[in-house]
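Residue numbers (the working numbering): 1 to 128. Glycine residues also receive a C-beta, built at the ideal position from the N, C-alpha and C atoms.
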């Protein structure tokens, strides 16, 4: 498959998502640091970004920052998010906002759907 996914977990919550993705054949890079994630967007060709929502920070701001850098598909995962939070995340640039708990097949289907619509490893230009 060789699709590259950047998984951003800027919150110390444990997640099984990276293992699920690796088991499905994706190449997954995990980072806990937003600055490292932003630099990674400059130097690597990712096919998809997954951001695990931090309940103590405005993840929609992180979505906006990522959108300023790239148009790579972005999935935001949040726990117990209200409808307003979901809408805010989508309006900030997330392609999907997924509320925990979702089934692994749903996540894999959404990833597959996004990746089918976007050319693989397309050249992107970044601006700060």
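For residue 73 and residue 118, which I take to be in contact (beta-carbon distance under 8 Å), what is that distance rounded to the nearest angstrom? Residue 73 sits at position 73 when you count from the first residue of the chain shown. Residue 118 sits at position 118 when you count from the first residue of the chain shown. Yes, residue 73 and residue 118 are in contact; Cβ-Cβ is about 6 Å, under 8 Å.
Can you list, in chain order, the residues of its chain with a C-beta nearer than 8 Å to that of residue 81? Leave out the 5 residues immediately preceding and following it.
Position 81 of the chain shown, counted from the first residue, corresponds to residue 81. Same-chain partners within the cutoff: 53, 89, 97 and 99.
- Going by the beta-carbon positions, is the gap between residue 4 and residue 44 smaller than 9 Å? Within the chain shown, residue 4 is the residue found at index 4, counting from 1. Within the chain shown, residue 44 is the residue found at index 44, counting from 1. Result yes, Cβ atoms of residue 4 and residue 44 sit closer than 9 Å.
Fill in: Reference residue 63, options 34, 79 and 116, closest by Cα
Translated into the one-based positions of the chain shown, residue 63 becomes position 63. When each option's Cα is compared against that of residue 63, the closest is 34.
Exposure label - residue 102; buried when at least 16 CB within 10 Å
Sequence index remark: in the chain shown, residue 102 carries index 102 (1-based). Classification of residue 102: exposed, given that the 10 Å Cβ count is below 16.
* Could I get the ranges of all uninterrupted alpha helix (DSSP H) runs contained in the segment 33-117, with 4 residues as the minimum, in chain order? => Fully enclosed alpha helix (DSSP H) runs of 4 or longer: 34-43, 59-69, 83-91 and 104-117.
Note the first and the last residue of the continuous beta strand (DSSP E) segment covering residue 2. Position 2 of the chain shown, counting from 1, holds the residue named residue 2. Going by DSSP, residue 2 is part of no beta strand (DSSP E) at all; its letter is neither H nor E.
Could you tell me the alpha carbon to alpha carbon distance between residue 46 and residue 23, rounded to whole angstroms?
Here residue 46 refers to the residue found at position 46 when the chain shown is read from its first residue. Here residue 23 refers to the residue found at position 23 when the chain shown is read from its first residue. Whole-angstrom Cα-Cα distance: 18 Å.
What number of angstroms, rounded off, separates the C-alpha of residue 61 from the C-alpha of residue 92?
Walking along the chain shown from the start, residue 61 turns up at place 61. Walking along the chain shown from the start, residue 92 turns up at place 92. Near 7 Å, if we compare the C-alpha coordinates of residue 92 and residue 61.
* Asked: Should residue 112 be labelled buried (16 or more other beta-carbon atoms within 10 Å of its own) or exposed?
  -> What you label residue 112 is simply residue 112 of the chain shown in a count that begins at 1. Per the 10 Å Cβ criterion, exposed.
- Query: Going by the beta-carbon positions, is the gap between residue 36 and residue 75 smaller than 9 Å?
  - Reply: In the chain shown, counting from the first residue as 1, residue 36 sits at position 36. In the chain shown, counting from the first residue as 1, residue 75 sits at position 75. No. Outside cutoff.
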